[in-house]
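What follows is a short report on a single structure.
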Amino acid sequence: MTDAIATVQGLRAYYITNAYGVRRTVKAVDDVSIRIRPNEIFGIAGESGCGKSTLLRVMLGMIEPPLTVLAGTMGYTLDGRNVDVLAMTKAERKWIRWKEVSYIPQGSMHVLNPVRKVHDTFLDFITVHRRAPRSQIDAIIRDYLRELGLPLQVLDSYPHQLSGGMKQRVTIALATILYPKIIFADEPTTALDVVVQRGVIQLLKDIQEREKNTLVVVTHDMGVHANLCDRVAVLYAGQVIEEANTEAIFKDARHPYTQYLIQSLPKMDDKSERVSIPGRPPALDNPPTGCRFHPRCPQAMSICREAMPSLHTVSPDHRVACYLAPGKDND
Amino acid sequence: MTVVRDLFKYSPAFRAGAILLIIMLVVAALSFFSPYAPDDRRVVPMNKPPSLQYILGTTSLGQDVFWLLTFTVRNSLIIAGLAVLIGRTIAVILGSVSGYLGGNADRALSGFADVFIVIPRLPLLILISFIFKGNLTFLQLGLLLGLLDWAWPSKRYRAQLLSLREEEFTQTAVFSGMGTLKVILREHLPFLIPFTLADAVSGFLWAIGMEITLAILGLSDLTTPTIGTMIFWANYYQAMLARKFWWLGAPIVASILIVLGFYLLSASLSEYLDPRTRLKRLSVARE
Amino acid sequence: MNLFKSYILPRLLQWVLVIFVGVTITFIIPRLMPTDPVEQTLQRISSNTTTDPRAIQELKSALEDMYGLQGSPVQQYFAFWSRLARGDMGPSLGAFPTPVTTILRNALPWTVGLLLSSTLISWLLGIFLGTLAGYYHRQVWSQVLDKVLITIYPIPYAILALVLVILFQYYLPIFPMVGGATGQPSLSWDYIQSIFMHSFLPALSLVIISVAFRFIMARVLAITQLSSDHVTYAEAAGLPRRKIIFGYVMANTMLPQITDLALSIGAMFEGALITEVIFSYPGIGYQLYTAIMQADFNLILGVTLFSIVGIATAALLIDLLYPLFDPRVRYR
Chain Z
189 MTDAIATVQG LRAYYITNAY GVRRTVKAVD DVSIRIRPNE IFGIAGESGC GKSTLLRVML
249 GMIEPPLTVL AGTMGYTLDG RNVDVLAMTK AERKWIRWKE VSYIPQGSMH VLNPVRKVHD
309 TFLDFITVHR RAPRSQIDAI IRDYLRELGL PLQVLDSYPH QLSGGMKQRV TIALATILYP
369 KIIFADEPTT ALDVVVQRGV IQLLKDIQER EKNTLVVVTH DMGVHANLCD RVAVLYAGQV
429 IEEANTEAIF KDARHPYTQY LIQSLPKMDD KSERVSIPGR PPALDNPPTG CRFHPRCPQA
489 MSICREAMPS LHTVSPDHRV ACYLAPGKDN D
Chain B
-4 MTVVRDLFKY SPAFRAGAIL LIIMLVVAAL SFFSPYAPDD RRVVPMNKPP SLQYILGTTS
56 LGQDVFWLLT FTVRNSLIIA GLAVLIGRTI AVILGSVSGY LGGNADRALS GFADVFIVIP
116 RLPLLILISF IFKGNLTFLQ LGLLLGLLDW AWPSKRYRAQ LLSLREEEFT QTAVFSGMGT
176 LKVILREHLP FLIPFTLADA VSGFLWAIGM EITLAILGLS DLTTPTIGTM IFWANYYQAM
236 LARKFWWLGA PIVASILIVL GFYLLSASLS EYLDPRTRLK RLSVARE
Chain W
1383 MNLFKSYILP RLLQWVLVIF VGVTITFIIP RLMPTDPVEQ TLQRISSNTT TDPRAIQELK
1443 SALEDMYGLQ GSPVQQYFAF WSRLARGDMG PSLGAFPTPV TTILRNALPW TVGLLLSSTL
1503 ISWLLGIFLG TLAGYYHRQV WSQVLDKVLI TIYPIPYAIL ALVLVILFQY YLPIFPMVGG
1563 ATGQPSLSWD YIQSIFMHSF LPALSLVIIS VAFRFIMARV LAITQLSSDH VTYAEAAGLP
1623 RRKIIFGYVM ANTMLPQITD LALSIGAMFE GALITEVIFS YPGIGYQLYT AIMQADFNLI
1683 LGVTLFSIVG IATAALLIDL LYPLFDPRVR YR
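Protein chains in written order, with my numbering: chain Z, 189 to 519; chain B, -4 to 282; chain W, 1383 to 1714.
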C-alpha cells in the first residue's frame, strides 16, 4: 500500500437543518473512502449535487453547521506528521491553511474581495504565514506572477476590472504562491470559455510539474479529468462508485454511471448522438434504497434495489461499487 | 392558511407579535362595550390614580383612562388601517403598472417614485394639517397619510412583479393557457400573502408614528380620541409635572405594544420568506 | 470621467426634480385649502380693534404681498421661486418683523449639531457593533442584543423622547429639560459643558432608535457577507479574524449602508424635529412648534421649504460620497 498524503475513511457528512418544524437531513457524503497519493493529480468527478463540494469542504476542514460529520475520519500526512482534520488544534489549523493545503474555489468570480486591490489581497494572504519586510513580499509576488505568465498590471486592479479567465488565474496564483503541498481545485474551468479553459488547465499542469505537489481536481467536466488527472474517483449521490487511474476509467469503465459519463463526452470523429442519462440525480435527503443509481440504471437487478454494493477491487488500482463487476470484496 | 399555522407554531417572534396584536385588538373591540361615550367629560372623579374601581385611573377631564384607552386604540388602528389600505392600493397599482409596462414608462414612473421617496413627508403633513386647522377628521387623516405613503412600497411591489414575471415565463413553457393563472395562484400566493402582510406592517408603523407626532404637535383633530391626542391632552394638563403618570403612561405603553406587535410580526414574516430559510422549510414529502 | 457623468448626472437630475416637485407641492397646497390665510389674519387682527376700512384695505394688500398672493397664480408661482432663490421667505408673523430666514439661521446650528452628532454616533456604534454581532451571530450576546434592539427599533421617536423625559424629569433629574445651553454663547468651558448637558438627552433619544436600526441592518448584512465567496475564501486561507471582520466584512457591508443613509436622512431629520419639540431644544423643530402655536404661517412655510431643500441636498451629498467607498463605481 503506497503512502497517502490525504486519507478519507468512511466519512459521513450530512446537512441537518431544523426550521419551522421541518427536520431535514441531506446525506451529502455517505460513507466515502479515498486515498490520495503524494505528487499525483487526483480527480473527483460527478454531477452537481453528488456531494463533491461537501467532500471538499470537509477535506479543507471547513465544517460549519448545518454541516455535521457523523462518522469517519479525514486526515493528512505532511512532513511525517499526521493531522486529523476533524479534530484540528488551532495551531495545526494555522499551519495547514494555505501553506500546506490550499484551494482554488468554484466560481472564482466573486472570490476576491471587491473593495481591495489584487495586490492587497495577495499581501493579506501571504502575511498570515510569512513574516518579512514589505518590499521582500512585494518582490515575491511580482516574481511569482512573472513565473506564471500573468501581467503585473493585475496587481493594481480591482477584481471587477479583470476578466473571468484572468480572475481564475489570479486565484490560482493566490492559492499556490506559498507552494502548498496539496492544492484542491473546485470546478476550475466552469464558467470559462474553451480557450481560457485550456490556459487554466495548462497552468495547473505546469505548477504541478514544477513543484511536484498534489493536485485534487473536483469537477463534473470529464474532459478536464481526461486532460489532467492521473486517477479519478467518481461520486454519485454522496458515494464513491468507481475509482481507477484515468486510462482505466475512460477505456474500461465498469459502473454503468461512469460508462454514461464517458459516453456523453463529445468525441472528435464520432458523429453519433450523445446519450444522456435518463432520470435525474436523487435528492440527497431521501435517497433510493440499495444502490442509489438503480432507478436510472438500465442494467438494474433486484439485488440492486435491496442492498448497497460495497466498493471492491476488480483489478489493480481499480475499485467499483456495483453488482455487475466481479471481484473480491475488499477495502 | 398553513403559512400562519407554521409561523405560529415555530416562530417565537411571530407568536409574541400575534399575541400582542390580539391583545390590542381586544382592547379596541372593548370600546364598543364602554359605559362612557368618548366625548364624555366629568363622568368620573378627576385625577384618581389606578384602583380597583378605575383600572387605569382617571384624567383631569373626568374620564376613565381605561375606557378612554379603548377608544384611542380603536381609532388609531382605524387611521393606520385606512392609511395602509389607500397607500398600498396606490403602490400596488403604480408598481405593477410600472413593472408590467417596462421600458421608458417604467423608468419614468420609477423616477417619479424616487423623487417622492426623498421628499420629507412630515413637514408636508404639518403644513397640510396646519392649514386645515384641526378640521381634519380622523378618517381624513387616514386618507391623507395613505396619500403620502405609496412611493417606497410601489418600488417593492414593482420588484415583486418583475420577479414574478420571470417565474411566470418559465412556467408558461411547461403549462399553457389557463394553467398559468392557476400556477400563479398556487405557487405565488404562499409567498405573496406574507410579503404583503410584512409590507403592510411597515405602513402601519409609519402611520401610527405620524399620527402620534401630529397629535403631539397639536395639529390633528383634538376632540377625537386617538393615542396621539390622548398624549397631547395629558401633556396639556401637565400630567407629567403633576405626577399623573397613568394618563400619559397608558397611551405610551399602548403605542409601544402595538408597534412591537406589528414589528415582530413583520420581522418573523420576512425571515420566513427569506430564500435561505425557505429551502430548509421544504419538507421531504415535496420531492 | 465618463463614468462620473453616468453616476453624478442622474443624481443631480434627481436633486433638481425633488426640489422642483417639493417646492411646487408646497406652493400648491395652501392655495388648494379652504381657508384663506389673509382673511384669517385680518379677522384676528380686526377682531380686537375696530379699524378704518381703508387701513384694512392697505393691510390686506400688504398681507397679500407678504403671503405672496398678489397677482395671478402663475405670477405667484414665479414670485415664489424668485423669493426662494433670494432666500427671502418673508417676515415671521409670530416674531414680526424678524425675517423667517433669520429665525431659521439661528435655529439651524442647534438642529444640525444634534443631527450630525447623533447620526455620527449611531452610525459608528451601530455599524461596529452590528458587524461584530453579525460575525459572531451564533453567540448569545449577539442574539440577546439583537432581540433587545428589535424591540426598540419600531418605537416612534416621539414616544421614546417622552419616555426619556418622564424618566429624567422625575427619577433621575440630572439633565436640564429646556433649552440648548445656559449663559452667553462663548468658547468658555462652562458654556460648552452646558451645551453638552442640554443636548445629551435629545441626542440620546435619537441615537437609541438610530443605533437600533443600524445595528439590525449591519448584523443582517454581515451575516450575509459571511456566506459570500470572498469571506469564505479568506477564512479558508486562515486570515486573522480582525482583518476579515474589518477588511472583508465591514468594508463590504458599508456600501449598502451608505446608500441607505441617503434614504433615511429624511426620517432622522423628522425624528430630530419632534425630539426638539419634546425636549424644548431650540432647533428648527422647536421653532416649528412655536410657529404652529402662534399660527405663524410664514415660518411654517419656511421650515417646509427649508426641509425639502435641505434633505434633498443632504441625500445628494451622501450619494456623491458613495464612489469614494465603492471602487466598482469609481473605476469601470
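Ideal Cβ placement from N, Cα and C applies to all residues, glycine included.
Tell me where the alpha helix (DSSP H) around residue i begins and ends.
i	result
Phe1595(W)	Trp1571 to Leu1608
Phe1460(W)	Pro1455 to Arg1468
Ser91(B)	Val60 to Leu96
Val22(B)	Pro7 to Leu25
Met247(Z)	Lys240 to Met247
Gln260(Z)	It should be noted that the sequence gives Gly, not Gln, for residue 260(Z). Taken as a continuous stretch (DSSP letters only), Gly260(Z) belongs to no alpha helix (DSSP H), being part of the beta strand (DSSP E) at Leu255 to Leu266.
Ile1537(W)	Taken as a continuous stretch (DSSP letters only), Ile1537(W) belongs to no alpha helix (DSSP H), as it is neither H nor E.
Ile328(Z)	Arg322 to Leu336
Arg318(Z)	Segment: none, Arg318(Z) is in no alpha helix (DSSP H) and carries neither H nor E.
Leaving aside the five residues before and after residue i along the sequence, list all residues of the same chain whose C-beta is less than 7 Å from its C-beta, in chain order.
i	result
Lys400(Z)	Asn227
Ala280(B)	No answer about Ala280(B) holds up, because its pLDDT of 36 lies below 50 and its placement is not dependable.
His317(Z)	Trp286, Lys287 and Leu366
His1612(W)	Tyr1630
Thr1672(W)	Gly1476
Ser278(B)	Confidence in Ser278(B) is poor, its pLDDT being 47 and thus under 50, which makes the residue's placement too unreliable to answer from.
Pro497(Z)	Cys479, Ala509, Cys510 and Tyr511
By Cβ distance, which residues of its chain are closer than 6 Å to residue i, with the 5 residues on each side in sequence left out?
i	result
Ile14(B)	none
Phe1689(W)	According to the sequence provided, residue 1689(W) is Ser. The question's Phe does not apply to it. Excluding positions up to five away in sequence, the list is empty.
Arg116(B)	Leu143
Ile85(B)	Trp145
Quick one: what does DSSP say residue i is sitting in, helix, strand or coil?
i	result
Pro444(Z)	helix
Tyr1552(W)	helix
Lys215(Z)	strand
Gln1639(W)	helix
Arg281(B)	Bear in mind that the predicted position of Arg281(B) carries a pLDDT of just 33, short of 50, making it unreliable; the figure below should be weighed with that in mind. Helix.
Asn99(B)	helix
Pro33(B)	coil
Asn518(Z)	Caution applies to Asn518(Z), whose pLDDT of 43 falls short of 50 and renders its modelled position unreliable; the model cannot decide the point.
Ser158(B)	helix
Asp374(Z)	strand
His506(Z)	strand
Arg285(Z)	strand
His307(Z)	helix
Ile365(Z)	coil
Thr1408(W)	helix
Ala513(Z)	coil
Leu199(Z)	strand
Thr218(B)	coil
With residue i as the anchor, note down where its beta strand (DSSP E) starts and where it stops.
i	result
Lys1529(W)	Not the beta strand (DSSP E): Lys1529(W) falls in the alpha helix (DSSP H), residues Val1522 to Ile1534.
Leu403(Z)	Thr402 to Thr407
Ile1627(W)	Where Ile1627(W) is concerned, there is no enclosing beta strand (DSSP E), given that its DSSP letter is neither H nor E.
Glu431(Z)	Gln427 to Asn433
Phe230(Z)	Ile229 to Ala233
Within 10 Å of its beta-carbon, does residue i have 16 or more other beta-carbons around it, so buried, or fewer, so exposed?
i	result
Glu1421(W)	exposed
Arg1487(W)	exposed
Gln1425(W)	exposed
Trp242(B)	buried
Asn301(Z)	buried
Leu1569(W)	exposed
Gly1453(W)	exposed
Ile389(Z)	buried
Ile81(B)	buried
Excluding sequence positions up to five away, which residues of its chain have a Cβ less than 8 Å from the Cβ of residue i?
i	result
Ala1563(W)	Tyr1573, Ser1576, Ile1577 and His1580
Ala1515(W)	Trp1523, Ser1524, Leu1527, Asp1528, Phe1597, Ala1600, Arg1601 and Ala1604
- For the stretch 212 to 222 of chain B and the stretch 151 to 163 of chain B, state whether three or more C-beta atom pairs, one from each stretch, are separated by less than 8 Å. No, they do not touch.
- Can at least three beta-carbon pairs, one atom from the stretch 468 to 483 of chain Z and one from the stretch 1 to 20 of chain B, be found at a separation below 8 Å? No, because fewer than three Cβ pairs between the stretch 468 to 483 of chain Z and the stretch 1 to 20 of chain B fall closer than 8 Å, the two stretches do not touch.
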